[in-house]
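Enquirer:
2 protein chains.
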Amino acid sequence: MSARIAHPAFASKVMSAEDAAALIPPGASIGFSGFTGSGYPKEIPGALAKRIKAAHERGEEFTIKAFTGASTAPELDGVLADTGGMAFRTPYQSDPHLRAKINDGTTNYCDIHLSHLQKLINMGFFGKMDFAVIEATAITEHGEIIPSSSVGNNRTYLDIAEKVIIEVNSWQADDLYGLHDIYYGMDIKPRREPIPISSPGDIIGRPTFKVDPSKVVAIVETDDPDRNTPFKPLDDDSRAIAAHLLDFFDMEVKAGRMPPTLWPLQSGVGNIANAVLAGLMDAPYEHMTSYTEVIQDGMVQLIDAGKIDVASATAFSLSPDMAHHMNDHARDYHGKIILRPQDVSNHPEVIRRQFVIATNGMIEADIYGNVNSTHIMGTKMMNGVGGSGDFARNAGYSIFVSPSLAKGGDISAIVPMVSHTDHTEHDVMVIITEQGLADLRGLAPRQRVNVVIDNCAHPDYREALHEYYDRALKVSQGRGIHTPHDLGQAFSWHQRFLETGSMKEFKA
Amino acid sequence: MSARIAHPAFASKVMSAEDAAALIPPGASIGFSGFTGSGYPKEIPGALAKRIKAAHERGEEFTIKAFTGASTAPELDGVLADTGGMAFRTPYQSDPHLRAKINDGTTNYCDIHLSHLQKLINMGFFGKMDFAVIEATAITEHGEIIPSSSVGNNRTYLDIAEKVIIEVNSWQADDLYGLHDIYYGMDIKPRREPIPISSPGDIIGRPTFKVDPSKVVAIVETDDPDRNTPFKPLDDDSRAIAAHLLDFFDMEVKAGRMPPTLWPLQSGVGNIANAVLAGLMDAPYEHMTSYTEVIQDGMVQLIDAGKIDVASATAFSLSPDMAHHMNDHARDYHGKIILRPQDVSNHPEVIRRQFVIATNGMIEADIYGNVNSTHIMGTKMMNGVGGSGDFARNAGYSIFVSPSLAKGGDISAIVPMVSHTDHTEHDVMVIITEQGLADLRGLAPRQRVNVVIDNCAHPDYREALHEYYDRALKVSQGRGIHTPHDLGQAFSWHQRFLETGSMKEFKA
Ligand SMILES: CC(C)(COP(=O)(O)OP(=O)(O)OC[C@H]1O[C@@H](n2cnc3c(N)ncnc32)[C@H](O)[C@@H]1OP(=O)(O)O)[C@@H](O)C(=O)NCCC(=O)NCCS
Ligand SMILES: CC(C)(COP(=O)(O)OP(=O)(O)OC[C@H]1O[C@@H](n2cnc3c(N)ncnc32)[C@H](O)[C@@H]1OP(=O)(O)O)[C@@H](O)C(=O)NCCC(=O)NCCS
């Protein structure tokens, strides 16, 4: 047995992934660790998937309800979705196999704000939780759990689940110990205290999770890497978007509205976020900080370069190379990188207090500044709202970014009306595409229209957007033109795409 | 001069409303006091309106930008809107004359979350503020301002405006002194501290506003009542909605998910809110509290009956009789009623910490639980989002209520798709109409459909809603059925109303 299981009471619980999975009965509610491809259990989900498939082959029903931190990896969401037995899933995912099951009606997906998860579970709104299946770096001699590369919702699952299974993954660096800040002040009770974070570097909790040893029914030893994806090289759109954002920072700092350290940065994951981080490397800002969801490569590089003093998040989301580097040098990042439970990393209270600059991707925005982050053509779930609402609603600056076109130009990301609203016009300050930046602060709906179309829409679609607005203004006269719309035509662009494969009007 | 102006430095500033209004130049940005018909300046807006009209008659341009706490009264929004010179207005209104100007395109209305106002102003996003025009109960001998019947955004306007005009209203009871809690901890700076409220009764500030005397350019003495509207007698719909809500509380308390004191209550204004408060009078709950925006009659009665221990808000919104009572007995309510700045009464941080039960009105909800609070038929502004988003997003329980029908049955408040989204599917837990209650907690979109239609829609519209969903499910097959929609038909109900005067299908 690995030296990583230092507490004697847990020794007798060590077993194979198959034996552990065999403990999980049909119908179970399971809280899994895992957040953006890090810190998820590597072997039990696969073993459980085999068990579910075998039951299905025997003609038996076997479904589970799956809770996580956020998205996981093929070894968790992928394999379990493939069984067709994932009846319920919350709060966020981005797995192609699971996405298919959500969109064919197999999986009921409850898409919620990541910061809400702990509250909803602890208030009892999701019913009881049967199992927690949590990846750990190690178990201390006092029986405490050292987190691995993500914290997510693990504290809550360990607290609330009736039974606990732990995967101790020796691939995770021993030196992760000391990098986490596990705050235990989120109980549902009268007179709850404030979360005492005023700055990203504040440490308010402990380095480990507590767990009631009598609940632990299995320990599984693994030695498997997080499934990290390498970053694509930066493309022109991402670079252009990053440049517009950096110009905007510059303007705000010059105007005295933003300090020269900027406010703490939050950024979504992906290509554009990475381009922004790369851009910050050459920008004049020093002593920056980050209060965000995930630590990606660019963030680590900014810390290494001495540009960012400290970054707070709930998980790593690193390329394989950078994960390797982190595994070798985790100690060097103690106090510079802090991983917290997602109800703290994403808490409105703390985000609001710090005037966080929130930059997130979107699927589409409309001419009035409403944003769709989740639904393709109004009906198909892409990933989920994730933490975008936690940050956007409470940010000092709430910024949404996207290329102006999708699907080779057949889709405009700027539309007459969004086909699903995740972020309302009340929550969106700035929209950026590779075309430019729309600053919507202080504008009424009609004033936003030209700003959005002329700065952000792709030239191929600008005229048609202006035409929509002009017609909308005409038909809304007398009915109320606060927000002009031609409701019969508001989704005609989406309809055209669904019917012809392009939002463009092909005049015969 | 009234004894209410106790500080000598202010004596020389006393003048008529006309003279004070004459100080305000065309183009001025003005922060007015006033929140839901209380504590607004009574005479300067009228004098300013005359000045604007006279300028217009001379063929001169004269517009102003108006900021308030929330809605005010005919003496402010009404008279200024009527001039056609209110070019800009934020953050909330409910005045018929102003509504007309917003909807005919005269007034650019920036509809924002009430809790965001202070932040957006102090971050500099609305530009500089030229004047604060604030009603006060009195000015102390130390030159501090004793607030009147609302606090709203006054602290911010007094701090930030270049010039200050104060209306000292002797109609407001002297004994209001001591009822307010003005917190001065909301500066835009690194390392801001938490707002130290853990329970509605916590006092964290001071009883008065500070003001720099050198900025005060005029004091106007008034003796005018707040424009309070008497409550309508409770109707059957309101009573039915209240009964469903109280049954729900009962269920939650029995299940152990809510304490027998309930969580602190927030409720919107109006008929239904009043019916709920009336229902609580006979309900078994004791030692209740309230953390809300406005104190209305029912709240005072619950305090008098010893059912509510303490209520925190930012303003009174009382009937004339109750306002009279409050004016005579304000002292008795010290420590039981606390009026705070609206950035504290509505702050996500404090709402979230206290698991507030938020109950707000709506215009329409759709079969997936998205809520429209602001726009009639997608284009016409009704009032604004107000504090509904501050509360709904951060509440322990987020509840929306409405009669199932409007306009004599020609409009269904439950529609296929809302024509404007103010509260996303991620933010709505419970919908109630007189028909019943839809509990959406933990449900995926498709699971919500029957719950909403069968419990909340009026029977006249149920079949048509089911038909919409069935068709939507059919056309979304293969495209993604996470949230089935038939985008070409999603607004056909609204279109039919606009074209025929009814959402009902008249089969020839
Ligand atoms: C909105 C979101 C999906 C954009 O993702 P991204 O990776 O930055 O953007 P991409 O441009 O690569 O688009 C992703 C996919 O959506 C498609 N897409 C993007 N815009 C589209 C649109 N308007 N219509 C249809 N499809 C669109 C792309 O074509 C691509 O599809 P593919 O995977 O089949 O190639 C992503 O940011 C997200 O899930 N956001 C919500 C959660 C969130 O913001 N979390 C941040 C942390 S708090
Ligand atoms: C949504 C809101 C307008 C409902 O107001 P209310 O007074 O409770 O509801 P009523 O049923 O009396 O409706 C008000 C008007 O809207 C109309 N209306 C209501 N539902 C409608 C619908 N679905 N379509 C068209 N009109 C509708 C009513 O007919 C009525 O019109 P009228 O004034 O011409 O008679 C109101 O709650 C609001 O402004 N909410 C947003 C702000 C908020 O929630 N603040 C709470 C404090 S935090």
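Same order as they appear, the protein sequences are chains A and B.
This note's numbering applies: residue 941 is where the first sequence begins, and numbers increase by one.
This note's numbering applies: residue 941 is where the second sequence begins, and numbers increase by one.
The C-beta atom is built at its ideal place from N, Cα and C for all residues, glycine as well.
Values in this document were obtained by computation on a predicted structure and should not be read as measured data.
(1) Using only the alpha-carbon positions, how far apart do B:S1313 and B:V1325 sit?
(2) Report the neighbours of B:K1320 on chain A: residues whose CB is nearer than 7 Å to its CB, in chain order.
(3) Which residues of chain B have a Cβ atom closer than 8 Å to the Cβ of A:H1360, listed in chain order?
(4) Establish whether the CB of B:A1448 and some CB of chain A are separated by less than 8 Å.
(5) Determine the burial state of A:G1067: buried for a count of at least 16 other Cβ atoms within 10 Å of its Cβ, exposed for fewer.
(6) Please state the DSSP three-state secondary structure of A:Q1294.
(7) Per the DSSP calculation, B:F972 is bridged to which residue(s)?
(8) Quick one, which of A:P1140, A:P1343 and A:A1251 has its alpha-carbon nearest A:G1210's?
(9) Give the C-beta separation of A:G1318 and A:S1285 to the nearest angstrom, bearing in mind that I take them to be a contact with Cβ-Cβ under 8 Å.
(10) Using a Cβ cut-off of 7 Å, pull out every chain A residue sitting near B:Y1049, in sequence order please.
(11) Roughly how many angstroms lie between the CA atoms of A:L1202 and A:F1189, to the nearest whole one?
(12) Between A:H1406 and B:I1351, what straight-line distance do the alpha-carbon atoms span, to the nearest angstrom?
(13) Could you tell me the distance, in whole angstroms, from the CA atom of B:S1154 to the CA atom of B:P1147?
(14) In three-state terms, what does DSSP make of B:D1249?
(15) With a threshold of 8 Å between beta carbons, is A:R1197 in contact with chain D?
(16) Just curious, the beta strand (DSSP E) that B:N1214 is in, first and last residue?
(17) Considering only C-alpha positions, which residue in the set A:E1439, A:I1354 and A:P981 is nearest to A:Y1408?
(18) Taking Cβ-Cβ distances below 7 Å as the criterion, which residues of the segment 1264-1296 of chain B are in contact with chain A?
(19) Just the chain A side, please: which residues come within less than 7 Å of B:E1489 by C-beta, in chain order?
(20) For ligand 1, is there a heavy atom less than 7 Å away from the beta-carbon of A:E1304?
(21) By DSSP, does A:P1014 sit in helix, in strand, or in coil?
(22) Would you check whether ligand 3 has a heavy atom nearer than 7 Å to the C-beta of A:N1109?
(23) Is the beta carbon of A:V1296 sitting closer than 8 Å to the one on A:A1335?
(24) For B:K993 and B:A987, I'd like the C-alpha separation in whole angstroms.
(25) Expressed to the nearest angstrom, what Euclidean distance is found between the alpha-carbon atoms of B:I1122 and B:A1253?
(26) Grab me the residues of A:Q1375's own chain with a C-beta within less than 6 Å of its C-beta, minus the 5 sequence neighbours each way, in chain order.
(27) Mind checking which residues open and close the alpha helix (DSSP H) that includes B:M1191?
(28) Does the Cβ of A:V1325 lie closer than 7 Å to at least one heavy atom of ligand 1?
(29) Would you kindly check if the distance between the Cβ of A:M1221 and the Cβ of A:K1247 is under 8 Å?
(30) Hey, B:V1311 and B:D1362: beta-carbon distance below 8 Å or not?
(31) Below 7 Å between beta carbons is the criterion; list the residues of the segment 1075-1088 of chain A that meet it against any residue of chain B, in chain order.
(32) Can you give the Cα-Cα distance for A:M1321 and A:D1035, rounded to whole angstroms?
(33) Contact criterion: CB-CB distance below 8 Å. Does B:A1010 meet it with respect to chain A?
(34) So, helix, strand or coil for A:P981, using DSSP?
(35) Taking 7 Å as the cut-off, is the C-beta of B:A1215 nearer than that to any heavy atom in ligand 2?
(36) Work out the CA separation of A:K1103 and A:K953 for me, nearest whole Å.
Expert: With the structure as the only source:
(1) 6 Å
(2) R1419, G1420 and H1422
(3) T1423
(4) Note on B:A1448: pLDDT 40, under 50, position unreliable in the model; the coordinate value appears next. Not closer than 8 Å to any Cβ of chain A, the Cβ of B:A1448 fails to qualify, so no.
(5) exposed
(6) coil
(7) B:V1073
(8) A:P1343
(9) Between A:S1285 and A:G1318 the Cβ distance is about 30 Å, and since that is not below 8 Å, they are no contact.
(10) A1384 and H1422
(11) 8 Å
(12) 31 Å
(13) 21 Å
(14) strand
(15) Judged by its chain identifiers, the structure shown contains no chain D, and its protein chains are A and B.
(16) Premise fails: B:N1214 lies in the alpha helix (DSSP H), N1211 to D1222, not in any beta strand (DSSP E).
(17) A:I1354
(18) P1288, E1289, R1292, R1293 and F1295
(19) Residue 1489 of chain B lies beyond the stretch modelled for chain B, which goes from 941 to 1448, so this question has no answer here.
(20) yes
(21) helix
(22) Ligands present in the displayed structure are limited to ligand 1 and ligand 2, and ligand 3 is not among them.
(23) yes
(24) 10 Å
(25) 12 Å
(26) S1344 and C1396
(27) D1176 to K1194
(28) yes
(29) yes
(30) yes
(31) none
(32) 11 Å
(33) no
(34) coil
(35) no
(36) 12 Å
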